[in-house]
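Asker: Below is a structure I'd like to ask you about.
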């Protein structure tokens, strides 16, 4: 009769989070954006190293076969990660075939490498001003997230981040379009009350709704 030690089965259940930790997509998104940014800088660097014409179409024509060559790709890739950057090197190793595919097959039609690699292909990032697994719009919408008066927590991330607005000083509410106590104005601009006020509806002491500690209402002539 064959006996299979249970210890072997238990070893199969070990879960590894790998080099990215518990928020794998968040870390991979950061790595992807950083690497694609470095790649585009490398693309520009190799243009300037050969021809400094300033006009993209002119440079591409003058670069000739080098423009889309494997030699140029290798030059760019070799300069993407420093020797000590383990996360960058690990990420690069995992997407080298994807970079090759983009370079030789898609570069002309998918000219935004970050959009293609990080958003469409790997699906580890959300477009700007969206968040969460389904890349939902931040409060206030993608054009004016948080009323342009705050930051959308987790914007651009697939995992991590609530999508709630962290409002700038003087603003509050779901979309940061209300004035906090001690400020007056509207959804476009909130201004601090005069220091003599405990709440206000307008500028100066005349706009006070009440007096701050240490101040008292002055009699005014009708």
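In our numbering, the protein residues as written are 89 to 310.
Idealized CB from N, CA, C, for every residue including glycine.
#1: Considering just the uninterrupted stretch of the alpha helix (DSSP H) at residue 178, what are its terminal residues?
#2: How many angstroms separate the CA atom of residue 297 from the CA atom of residue 268?
#3: What is the DSSP secondary structure of residue 281, reduced to helix, strand or coil?
#4: On the criterion of 16 or more Cβ atoms from any shown chain inside 10 Å, does residue 142 qualify as buried, or is it exposed?
#5: Taking only the alpha-carbon atoms, compute the straight-line gap between residue 292 and residue 225 and give it to the nearest angstrom.
#6: Of the choices 245, 286, 277, whose alpha-carbon is the least far from that of residue 238?
#7: Is it buried or exposed, residue 243, if we count other Cβ atoms within 10 angstroms and call 16 or more buried?
#8: Suppose contacts are defined by Cβ-Cβ distances below 8 Å. Is residue 179 in contact with residue 120 by that definition?
#9: Classify residue 109: buried if its beta carbon has 16 or more other beta carbons within 10 angstroms, exposed otherwise.
#10: Got a sec? Which residues, its chain only, sit under 7 Å from residue 223 by beta carbon, not counting five neighbours each side?
#11: For residue 251 versus residue 234, is the C-beta distance shorter than 8 Å?
Answerer: Looking at the atomic coordinates:
#1: Here residue 178 is taken as the residue at index 90 of the chain shown, counted from 1. Its alpha helix (DSSP H) spans residues 174–189.
#2: Start at 1 with the first residue of the chain shown, and residue 297 comes out as number 209. Start at 1 with the first residue of the chain shown, and residue 268 comes out as number 180. Rounded to whole angstroms, residue 297 to residue 268 spans 14 Å at the Cα level.
#3: The sequence position of residue 281 within the chain shown is 193, counting from 1. Here residue 281 sits in coil by DSSP.
#4: Position 54 of the chain shown holds residue 142. Annotation note: pLDDT 49 at residue 142 (below 50); position unreliable, no value reported.
#5: In the chain shown, counting from the first residue as 1, residue 292 sits at position 204. In the chain shown, counting from the first residue as 1, residue 225 sits at position 137. Looking at the two C-alpha atoms, the distance is approximately 38 Å.
#6: Here residue 238 refers to the residue found at position 150 of the chain shown. Considering only alpha carbons, the answer is 277.
#7: In the chain shown, residue 243 corresponds to position 155, counting from 1. Residue 243 should be labelled buried.
#8: On the chain shown, position 91 is the one that residue 179 refers to. On the chain shown, position 32 is the one that residue 120 refers to. Contact flag set, yes.
#9: Taking the chain shown and counting its residues from 1, one reaches residue 109 at position 21. Note that residue 109 has pLDDT 48, beneath the 50 cutoff, so the model's placement of it is unreliable and the number below is only indicative. Exposed.
#10: The count along the chain shown starts at 1 and reaches residue 223 at position 135. Closer than 7 Å at the Cβ level, and outside the excluded window around residue 223, lie 214, 215.
#11: Within the chain shown, the letter at position 163 stands for residue 251. Within the chain shown, the letter at position 146 stands for residue 234. For residue 251 and residue 234, no; Cβs fall outside 8 Å.
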